[in-house]
Structures are given as structure tokens and as C-alpha cells.
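Protein chains in written order, with the numbering used here: chain A, 1 to 350; chain B, 351 to 700.
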């Protein structure tokens with residue numbers, strides 16, 4: 001029954017797209033996007049309402065060691081302040097495109113004062129003050145993982161209840177490309193080295209140290225993990241609060257049939273975990289861009305994802321997602337606003 | 351002296367970009383765009399003011415033969431009406447992004463009535479009622495070519511005088527991918543076959559007839575042309591009114607230091623002609639997207655152009671340019687609006 005309905009809707013969408021005053025197929029990927037958004041929303045006249053970007057922020061025990069990142073851990077909290085004050089790249093792009101930004105303290109190692117917590121952009125979902133160092137022990141307990149996933153779901157459900165049906169997820173956390181690399185290695189069964197990139201801008205010496213450190217972490221933790229690895233175990237060993245919360249966010253956005261934008265390397269690592277828990281999240285997700293962080297392209301290939309943009313960015317914060325939302329909007333707009341051959345009195349080809 | 355100034359400005363722009371609260375280089379191509387727009391405008395705080403898309407429309411003698419296109423020639427005029435009534439794809443994207451659209455009758459084979467000519471979107475620049483059939487004679491006289499180029503310059507100068515500093519050019523004209531293919535073959539010295547694509551959606555039989563027809567046109571006209579071929583001679587033999595007008599438009603936009611967006615296959619063919627007349631037009635131009643029309647990628651490679659988008663579109667009308675303008679705007683916005691490490695109190699890396 002459902003298949004038939006979907007097929008009928010697909011046919012109706014196809015018919016509507018074909019009738020537009022343009023050669024068939026000439027809007028390329030916009031036509032596929034229009035079809036997909038129509039199917040997600042079960043409508044031949046879909047709409048993008050109150051798009052949001054949610055930036056999940058959290059700290060990582062490994063970052064305090066200075067072994068994996070050129071920036072001090074304090075930058076995570078400082079960037080949260082920057083988000084709240086409107087000065088970061090994601091603020092700029094959200095303003096440009098009328099996207100509502102929310103910044104979630106998932107586990108930043110800092111006590112924000114009222115000037116931050118009172119902000120309408122800020123969501124207090126702190127589960128801990130940074131993760132533990134995975135060189136020594138699991139980054140998160142399984143209770144913390146479960147709490148973070150539940151919180152991610154709760155946040156998305158609340159945003160959805162305000163009328164939002166389009167959402168992108170970003171992250172901020174010094175050390176979280178390392179977390180994502182280890183998640184990628186564990187999820188895809190790849191050598192650690194193949195999953196590590198420059199992150200936020202390491203030089204070669206720092207890169208070598210980063211690879212060595214992450215290899216060591218992996219070697220220490222892998223024998224202690226149950227096999228086959230479960231999503232929760234990978235998150236517990238190598239995750240961050242912000243990564244686990246994003247996993248919950250993807251799952252809930254899918255359940256609520258929200259058009260979802262996947263950003264870069266870290267966001268895609270979280271997506272991989274969520275995907276292993278529920279593959280249906282692929283159906284409502286668009287991959288915003290290809291990150292310059294090496295490893296991202298491998299994950300995208302693994303997921304058979306075709307990103308919308310490639311601007312050689314590697315900033316995180318959801319910046320790729322924010323730049324891709326107007327592309328989704330363009331697809332929805334042509335579907336709703338363009339004239340048909342019939343209505344415009346334009347001759348169609350024979 | 352000028353070199354020194356440029357270098358100083360480059361340094362200042364580099365310094366400003368480096369100070370932004372993000373890892374160096376992490377905004378990828380947006381950083382290059384910000385630099386380029388700054389250099390075009392001679393400012394570390396550039397701006398995009400009143401962006402415009404100008405669609406040049408014209409008919410082609412060859413189209414009346416039915417040998418190269420599945421759509422009847424009447425569609426050019428019908429699409430002009432569609433533009434004026436707001437129902438085409440380019441209308442949708444211009445509305446979405448606050449871009450002013452103008453539609454220029456460069457040489458449509460139709461007498462528009464007052465309901466069209468009174469529209470604020472319409473520019474009457476008609477030089478003729480479609481070109482001649484290049485199977486028989488030159489498509490345009492050299493007087494017509496010169497008049498079209500002059501008119502293109504005049505239109506851009508007028509738009510610039512309203513405060514616009516960012517412009518994209520699109521086109522509409524049944525048969526103009528054929529014109530562009532012949533221009534490409536003549537400009538690049540390639541076999542006609544290598545320059546012909548599906549255009550607005552021909553099937554294989556139509557494609558074969560199109561290639562045969564264009565090959566014949568080329569074979570008939572080439573021996574009559576002076577060698578080496580001049581830009582004006584190529585335009586005269588194979589051009590369209592809208593293509594020649596676009597050549598003038600590129601030249602004037604460059605002279606006025608306007609940020610210029612090059613759209614797809616036909617727009618790039620016109621760009622190639624303008625580039626051969628004045629290579630400086632490269633300095634203020636961005637290539638919006640890679641068209642699905644085969645041949646476009648070859649021209650882009652020849653020009654060493656790296657398009658911003660690849661959404662597999664092949665519609666024309668300036669639709670690719672319209673979708674790329676927000677990317678340019680994002681680059682300018684981050685340069686102007688993002689906080690610096692210093693102003694935001696964010697620790698920079700050591």
C-alpha cells in the first residue's frame with residue numbers, strides 16, 4: 001500500500017517537474033532534490049519552513065594533552081561565546097540566508113555565565129565538562145552516551161515543534177576531528193592513518209604526532225572493545241558529547257521527516273553512527289559539501305553520498321550546511337513557483 | 351606603482367582574512383573569492399550592491415529550419431513573455447536571492463506588444479528579427495555585430511549607473527547552443543563534433559542531424575573566412591544578436607570593475623570571444639557552474655576556469671549565475687562581518 005502511494009506521489013512529482021517551462025532534466029540536481037523533498041514531505045508542493053542550524057559544542061579529554069591539536073582547549077568555550085555574539089562564520093551565513101542558529105552546550109569544559117545562558121541562541125544541555133582522555137579510558141560512559149543521544153533527540157523535537165522542517169547540524173570542539181577519525185576507523189575498519197587529516201590546521205610535525213597519538217589510542221582501546229563493534233561502544237570509546245548528541249539529532253530529525261543537511265567530516269562521522277543504528281536516516285538527508293579534511297571523501301563514498309557543494313572548506317560549525325540550504329530552497333521554489341508550458345503558453349517540443 | 355599598491359592591498363586582505371576566527375584557509379574557495387572581490391573593488395571591505403542578471407534574447411535563422419532543435423523558434427518569444435510574467439526558472443532564483451532581472455530583446459523574431467515593452471524588466475535593444483541562416487550566408491553583418499556589441503556595453507553601463515556592481519549574464523534563444531558550438535569550434539580550433547551537445551534536450555536522431563548540419567555550416571563558411579579568424583568574423587558568421595550583445599556586456603562590465611558571473615555553455619562561448627578581444631575580463635569574472643552541455647567543460651579547461659557549482663544544470667537563462675551569486679555574497683560577508691581572534695577574545699594557535 002505504501003509503495004503504491006509513494007509511486008503515485010513520485011509520478012505526480014515527476015509530472016509536475018516535467019511540465020515546467022524548461023527542457024526536461026535541465027535543472028539537473030535541483031530536479032532530484034525537488035523530488036526527494038516532495039517524497040520526504042509527502043507532497044507535490046513541499047516547503048522549507050524555519051530552517052535551523054544547530055551547533056553542538058563539546059570538549060575532548062585528548063585536547064588537554066596538546067597531542068592532537070594546535071589550538072588550546074579553551075577555544076571551544078571562546079568560540080561558543082563568539083557564536084552567541086554573532087561573530088563566527090556560521091553566524092554570518094545564517095544571517096545571510098535567514099536560518100535560525102542554536103548553539104548547544106553538550107559538554108564544554110567551561111561554566112558559562114548568565115550573559116551566555118540567557119541568550120536565545122543558547123541551549124544548555126551540558127552532560128559533562130569535556131570527555132575523558134581515550135588514551136587512558138573510554139571517553140564517555142555508556143550512561144553519558146545514552147544521555148547525550150536522548151538530549152539530541154529532545155532538542156530536535158523541540159525545534160520541530162516550533163514549525164521547523166529543515167535542519168542542519170554543525171559542531172564545535174577542539175579535538176573533535178580526532179574523535180571523528182577514530183570513529184571512522186572503527187566504523188569502516190580502516191587503518192587510523194587513512195582517517196586522520198589536518199583538522200583545524202596542523203603542520204606536518206603536528207600531523208605526525210596526531211597520527212601517532214590516535215594510533216596509540218586505537219591500539220590501546222581496540223582489544224578492550226567487544227566485537228563486532230556496536231555504535232554505542234564506538235561512541236563510548238572515542239566519542240564526544242557533541243558527537244553523540246548529533247547522533248540523537250539525526251535519528252529524531254529522520255523520525256520527524258525533517259529535511260536534514262549533513263555538514264563536514266565530524267558531522268558525517270556522527271551520521272555514520274546514526275546510520276548504523278537506523279539506515280532510514282538516509283532518506284531525508286542531503287550531504288551539503290565535500291570537506292577538505294581528508295577522510296571525508298572516503299566516508300561519503302562509503303555512504304554513496306553525492307554532496308551538493310565543493311568549495312574546499314573545512315571549518316565545521318555547520319557552515320557547509322548553511323551554504324547548501326539555499327540550494328534546497330531553490331529546488332523547492334522552482335517546483336512551486338515556475339510556470340508550466342500550459343500556464344505560460346509556451347510550445348513544448350514535439 | 352600599481353603593482354605595489356595591489357601587493358599592499360593583497361597583503362591587507364590576506365591579513366584581514368587570516369585574523370578571522372577560523373583555522374587559516376578553512377573557508378576554502380570563499381577566501382579566494384573574498385580576496386578577488388577585494389582586488390576588483392580595490393578595498394578590504396568590498397560589497398555586493400544591487401546584483402543583476404541580464405538575459406539577452408535573440409533568434410537564430412538556423413532554428414527556423416528545424417534541423418538543430420526540437421523546440422520551434424516561437425519558443426524564444428514565448429519565453430521572453432514568461433520572463434516578463436515571472437514564471438521562468440531565472441525569475442524564481444532572482445526572487446529568492448534579491449537579484450534584479452532584466453530581459454533584453456537583442457533580436458527576437460517577434461514584435462512584442464505594449465504589455466511587454468512597458469514592463470520594467472524589459473529592455474528593447476532589438477537589432478533584427480532573428481539572424482540569417484548560416485547554412486546560406488553569414489548570420490550577422492559586421493554592422494549588426496558592432497551594433498550589438500555597442501548595445502551590450504550601453505546596457506551594462508546603464509545598469510552600473512544605478513549603483514549595481516555585480517552582474518551575471520544569461521541568454522534565451524532557440525538554436526543558440528548551435529551558435530555557441532560553432533563559435534567554440536572556430537575559437538578553439540576543434541572539430542565541430544567535439545563542440546556539439548544535446549542543447550535543450552535532443553534525442554540521438556536529432557543529435558546526429560544537428561552535428562551533420564553544423565558540420566556542413568562550418569565546412570561551407572570556413573573557406574570564406576579570413577585566417578587567422580578574428581572575434582568579429584566568428585561572431586558575424588555564427589553568432590547571434592544575444593551572443594554579440596553579451597560580448598559587449600562582458601567588456602563593459604570589466605571596464606567598470608563589476609564582479610561578473612559567467613553562466614553556462616552559451617555564456618562561456620560569448621566570454622571566449624570577449625576574452626580574445628580583451629583578456630583583462632578574466633580578472634573580474636567568476637565562472638558560476640559547470641553545465642551538463644558537453645563542450646562546456648572543455649571551454650572551462652581552456653580558460654583555466656574553476657566553476658563554483660556543479661549541479662548538472664543545462665538550462666541557460668543565467669540560472670547558474672543566479673545560484674552562484676549567494677556564494678560570492680557569503681565570501682564578502684565573512685570578510686566584512688566575522689569577528690577577528692582579537693576582537694572576539696579567541697586564542698589563536700601558537
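Cβ atoms here follow ideal geometry from the backbone N, Cα and C, with glycine treated the same way.
- Beta-bridge partners of residue 166 of chain A (DSSP): A:259.
- With the rule of 3 Cβ pairs closer than 8 Å, the segment 566 to 576 of chain B does not count as touching the segment 419 to 435 of chain B.
- Under the DSSP definition of a beta bridge, residue 289 of chain A partners with A:309.
- With the rule of 3 Cβ pairs closer than 8 Å, the segment 286 to 293 of chain A counts as touching the segment 320 to 327 of chain A.
- With its beta carbon less than 8 Å from one in chain B, residue 71 of chain A belongs to the interface.
- Residues of the segment 75 to 98 of chain A with a Cβ closer than 9 Å to any Cβ of chain B, in chain order: 75, 78, 79, 81, 82, 85, 86, 87, 88, 89, 91, 92, 93, 95, 96 and 97.
- Within the segment 166 to 179 of chain A, no residue has a Cβ lying closer than 7 Å to any Cβ of chain B.
- Under the three-state reduction of DSSP, residue 408 of chain B is assigned to strand.
- The criterion of a C-beta distance shorter than 8 Å is satisfied by residue 379 of chain B and residue 312 of chain A.
- Taken in chain order, the members of the segment 657 to 682 of chain B whose beta-carbon sits within less than 9 Å of a beta-carbon on chain A are 658, 659, 660, 661, 662, 663, 664, 665, 666, 667, 669, 672, 673, 676, 677, 679 and 680.
- Against residue 297 of chain A, chain B offers no close residue; the least beta-carbon distance is about 14 Å (beta-carbon pairs closer than 9 Å).
- According to DSSP, residue 105 of chain A shares a beta bridge with A:57 and A:124.
- For residue 365 of chain B, the three-state secondary structure derived from DSSP is helix.
- Under the three-state reduction of DSSP output, residue 97 of chain A falls in the helix class.
- Within the segment 500 to 578 of chain B, the runs of alpha helix (DSSP H) that reach at least 4 residues and sit entirely inside it are, in chain order, 526 to 538 and 554 to 571.
- Straight through space, the alpha carbons of residue 277 of chain A and residue 179 of chain A are spaced by roughly 19 Å.
- In the DSSP assignment, residue 298 of chain A falls within the alpha helix (DSSP H) that extends over 296 to 302.
- Residue state for residue 349 of chain A is assigned as coil, using DSSP reduced to three classes.
- Listed in chain order, the non-local C-beta contacts of residue 385 of chain B below 8 Å within the same chain comprise 360, 363, 364 and 367, local neighbours out to five positions each way being set aside.
- Closer than 8 Å to the CB of residue 385 of chain B there is not a single CB belonging to chain A.
- If you ignore the 5 residues before and after residue 21 of chain A, its C-beta comes within less than 6 Å of the C-beta of 339, 341, 344 and 346, all in its own chain and listed in chain order.
- Residue 358 of chain B sits in a helix when the DSSP states are folded into three classes.
- Chain-ordered listing is empty here: chain A has no CB closer than 7 Å to the CB of residue 598 of chain B, the nearest sitting near 27 Å.
- Non-local C-beta neighbours of residue 401 of chain B in its own chain, meaning closer than 6 Å and more than five positions away in sequence, comprise 449, 516 and 675, ordered along the chain.
- For residue 466 of chain B, the enclosing alpha helix (DSSP H) covers residues 464 to 467.
- For residue 80 of chain A, the enclosing alpha helix (DSSP H) covers residues 74 to 85.
- DSSP lists B:370 as the bridge partner or partners of residue 690 of chain B.
- Considering only beta carbons, the part of the segment 274 to 302 of chain A lying closer than 7 Å to chain B consists of 292, in chain order.
- By the Cβ rule, the segment 397 to 411 of chain B counts as touching the segment 479 to 493 of chain B, because three or more pairs are nearer than 8 Å.
- In this structure, residue 89 of chain A lies away from residue 173 of chain A, with their beta-carbon atoms at least 8 Å apart.
- Put simply, of B:642, B:536, B:446 and B:677 the residue whose alpha carbon is nearest the alpha carbon of residue 547 of chain B is B:642.
- Minimum Cα-Cα distance from residue 619 of chain B among the listed residues B:491, B:520, B:486 and B:633 corresponds to B:520.
- Using a Cβ-Cβ distance cut-off of 8 Å, the segment 577 to 587 of chain B and the segment 467 to 475 of chain B are not in contact, since fewer than three pairs of beta carbons, one from each stretch, lie closer than that value.
- In the DSSP annotation of this structure, the continuous segment of the alpha helix (DSSP H) that includes residue 621 of chain B starts and ends at 615 to 627.
- Within the segment 120 to 131 of chain A, not one residue has a Cβ closer than 8 Å to any Cβ of chain B.
- Neighbours of residue 697 of chain B in chain A, taken as residues whose beta carbon is under 9 Å from its own, are 71, 72, 74, 75 and 78 in chain order.
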